[in-house]
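Here's the structure we're looking at; comments come further down.
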Amino acid sequence: MQRLFVNRYLLSAAVLLVFDSLAFGHIRIAPTESTAGAREKYTMRVPNEKQVPCSKIEGEFPSGLDVYDFEFKPGWKIDFKKNDKGKIIGATWIGKMMPYEFVEFGMLGINPKEATDLVWKFVQYYDDGTKEEFTGPVGSRLPSPVVTLKAPQGK
Ligand SMILES: [Cu+2]
2 MQRLFVNRYL LSAAVLLVFD SLAFGHIRIA PTESTAGARE KYTMRVPNEK
52 QVPCSKIEGE FPSGLDVYDF EFKPGWKIDF KKNDKGKIIG ATWIGKMMPY
102 EFVEFGMLGI NPKEATDLVW KFVQYYDDGT KEEFTGPVGS RLPSPVVTLK
152 APQGK
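Taking the working numbering, I'd label the letters of the sequence shown as residues 2 to 156.
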């Protein structure tokens with residue numbers, strides 16, 4: 002009986018880990034592959050992973066990516082962050098996402114001309130004062146979303 006309980010516990014912990022890292026967990030960017038120099042629509046998927054509302058997401062965009070337009074989401078306000086040349090380098094989304102909800106935010110961008118990796122950084126803020134920083138390397142607990150840019154075909 003004891004043994005059965007332990008095994009079940011381990012199994013569900015393992016299942017949770019797999020689901021968190023593959024299916025539902027974490028802020029993600031899609032697509033994960035695109036073409037250097039191309040225009041692309043990126044979608045940021047933000048799940049609420051806690052039992053309290055989430056009300057703010059801060060994003061820092063990959064260097065070289067030119068994000069020029071944002072999807073309108075009712076109930077959410079977007080503050081842009083610009084550098085001293087007026088280029089948008091990040092944004093903050095402010096709204097309300099309840100437990101068991103997720104929100105997707107679209108962005109239009111122009112990829113850099115070099116075939117490189119686009120590394121996004123996000124910080125998700127919860128109403129209990131906690132935050133999750135998706136700024137780690139690939140394979141870490143809270144990884145930065147990465148988009149791989151391929152060279153255009155025929156070049
Ligand atoms: Cu997660």
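Just so it is clear, CB atoms sit at the ideal spot from N, CA and C, and this is done for glycine as well.
Just so you know, these numbers come straight off a predicted model, no measurement behind them.
Glu133 is classed as buried because its beta carbon has at least 16 other beta carbons within 10 Å across all chains shown. The beta carbon of Gly130 sits no closer than 7 Å to any heavy atom of ligand 1.
According to DSSP, Trp77 shares a beta bridge with no other residue. Annotated three-state conformation of Pro48 is strand, per DSSP.
Proximity of the beta carbon of Gly140 to ligand 1 is not indicated: no heavy atom of the ligand is located closer than 7 Å. Taking the C-beta atoms as reference points, Lys51 is found no nearer than 8 Å to Ile95. For Glu34 against Lys114, the beta-carbon gap comes to about 16 Å, at or over 8 Å, which does not count as contact.
Gln154 and Pro100 have their C-alpha atoms spaced approximately 43 Å apart.
According to the DSSP assignment, Ile111 belongs to the beta strand (DSSP E) that extends over 103–111. Judged by the Cβ position, Glu50 qualifies as a neighbour of ligand 1 at the 7 Å threshold, a heavy atom of the ligand being closer than this. For the pair Lys74 and Thr93, the Cα-to-Cα distance works out to about 13 Å. In chain order, Ile79, Met108 place their CB closer than 6 Å to the CB of Phe71, counting only its own chain and leaving out the 5 sequence neighbours on each side. Around the Cβ of Pro63, a 10 Å sphere holds 16 or more other Cβ atoms; the residue is buried.
When the alpha-carbon of Phe123 is set against those of Glu102, Gly110, Val147, Ala116, the nearest one is in Val147. As DSSP reads the structure, Arg40 sits in a beta bridge with Ile111.
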